Amino acid sequence: MTDPHQPLSPDVIARLLTDTDPYLSCDECFARIDEFVEQRLADPSYRDVPMDVHLAGCAVCAEEAETLTELLS
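Here full-length UniProt numbering is used: the first residue of the sequence shown is 1, the next is one more, and so on.
As structure tokens, then:
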């Protein structure tokens, strides 16, 4: 069980305080993540603001993007 008194790491605090505007749900992110990673690999300067914001605040989706990036590179 999770200890309710365990301190949060600075990374967790930063993710909790991240501005999530424009909002993108995890379902929407997963629907777009393949194309996003392919575009980012083809052009490292490629930006998709909703995806960038979501990945900065969601560790699960960020891990998925990282895994796809490793598989495709």
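C-beta: ideal position from N, C-alpha, C; glycine also.
These figures come from a predicted structure and were not determined experimentally.
With respect to residue 33, residue 64 sits close: the two C-beta atoms are nearer than 8 Å. In the displayed model, residue 8 falls within coil according to three-state DSSP, outside both helix and strand. Between residue 72 and residue 38, the C-beta spacing is below 8 Å.
Rounded to whole angstroms, the Cβ separation of residue 60 and residue 26 is 7 Å, and the two are in contact under 8 Å. The C-beta of residue 30 has fewer than 16 other C-beta atoms within 10 Å across all chains shown, which makes the residue exposed.
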